[in-house]
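Numbering (full-length UniProt numbering), first residue to last: 1 to 81. Ideal placement from N, C-alpha and C gives every residue a C-beta, glycine not left out. Quick caveat, the model's predicted, so the values are computed rather than measured.
This is the structure in structure tokens:
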């Protein structure tokens, strides 16, 4: 486990908190955007969800990042409901 995860565990224990990591980017910051989501849920055992997506030919870095956050929230909501 890396330093960052050890630091997170002190304040936000993995068995009590959902951890979501997102990333989005686009070619030259303005086209062919996409992103990815990695989430771990605290259900007694570690459950890891992964996905990636495209968000369009005219997608900016900002939109790709926002879409990654939206997809992460939808993914976790679907998993826990």
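In the DSSP assignment, residue 80 falls within the alpha helix (DSSP H) that extends over 61-80. Judged by pairs of C-beta atoms under 8 Å, the stretch 28-41 touches the stretch 61-70, as three or more such pairs exist. The beta carbon of residue 56 is closer than 7 Å to those of 33 in its chain, skipping five residues each way along the sequence. Per DSSP, the continuous beta strand (DSSP E) segment holding residue 43 begins and ends at 31-43. According to DSSP, residue pairing for residue 53 in a beta bridge involves 35. DSSP places residue 9 inside the alpha helix (DSSP H), whose first and last residues are 3-11. Put simply, of 22, 64, 61 and 65 the residue whose alpha carbon is nearest the alpha carbon of residue 76 is 22. For residue 19, the enclosing beta strand (DSSP E) stretches over residues 19-27.
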